[in-house]
Each structure stands twice: as C-alpha cells, then as structure tokens.
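Right, one structure below, let's go through it.
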Amino acid sequence: QELRRDPCGDSSCCWLGYKSLCRNCGKPDVDFNGMVSGDDWWVGAVLRYSCRPGFLLVGNATRTCQANGLWTPKPSCLGMCKKGSIEISERELNGTCNATCASKSYSGPPKQGCTQIHNCKKKETGWKRFFAQCVPCICDCALSC
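Sequential numbering from 1203 applies to the sequence shown in my numbering.
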C-alpha cells in the first residue's frame, strides 16, 4: 500500500492508503434511539447509522471522518406515532402503477398527513377494480412525534 507523508497541524502525519494515522475524529455521537455500525475513527473512515424500530432516520445514513478531524453531520432518529390507516393511490406512493400495493411504502415530507406510509394492501372494490391499472391502497400511516 502507498505510504506518504503529509503535514497534519504542527506535526507530520502518515497516510496509509486513504487513512490518515495522525488524526481521528473521536467517538461519534448517536441519538438515544439510533445505532452506529463501524469502529474506525481515523480520517477517511465511514460509519453507517440506523434507528431502532418505530423511529425514522432523517439525514444521511453515513458519516465520514474528515481531514479536519470532524465528522460529517449526524443524522437524527425521529419517533413515529401511528396515526391510523389511509387510502392512497399506488401512483401517489411511488409514481408507478402495476395493480398491486404490496411492498409499497413512503418515508419523507408529509404526504396526506403521514411522514411514513407502510404495510400497504390493495383495496378490494369489486369487479370494476379488476380492470384498473392504478389501484387504491390501504396503508398504515405514521407521523413523527
């Protein structure tokens, strides 16, 4: 592997491939309801963040230790409160119509009052619905608390 010398503050620094051996970013902080994967804190290291069930990750799921010794911004974990069920077109969920609602979900800015839409099922409405391309879905709706 390539080894090169580079200034790092007042002292000299070794680089081993992409890793700086003179500076690390320290233990990364994590929300109470968050989890972090990875134990490398040197410059160039990348960690992956996730949230416990019932919480929504807001922000980038990865953080990188930068050359200045600081981590990139930390994501947050927002609590999700179940609001009930909603009826929503499968096209409105993710822009496609394939006459099924299974495996369709949404997380992001509020849509029909929901920050998270999941557990979707096709709404059965009789024989006329059989020929419809874009079906209505019944989904669980949650809102950040």
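Glycine residues also receive a C-beta, built at the ideal position from the N, C-alpha and C atoms.
- By the Cβ test, the stretch 1262-1271 is in contact with the stretch 1227-1234, since at least three Cβ pairs between them sit closer than 8 Å.
- Here the alpha carbons of residue 1239 and residue 1272 stand approximately 18 Å from one another.
- In the three-state reduction of the DSSP assignment, residue 1226 falls in the strand class, which pools E and B.
- A buried status is given to residue 1292, since no fewer than 16 other beta-carbon atoms sit within 10 Å of its beta-carbon.
- A straight line joining the alpha-carbon of residue 1310 with that of residue 1318 spans about 7 Å.
- The Cβ atoms of residue 1277 and residue 1259 lie closer than 7 Å to each other.
- Cα atoms of residue 1283 and residue 1251: separation of roughly 21 Å, rounded to the nearest angstrom.
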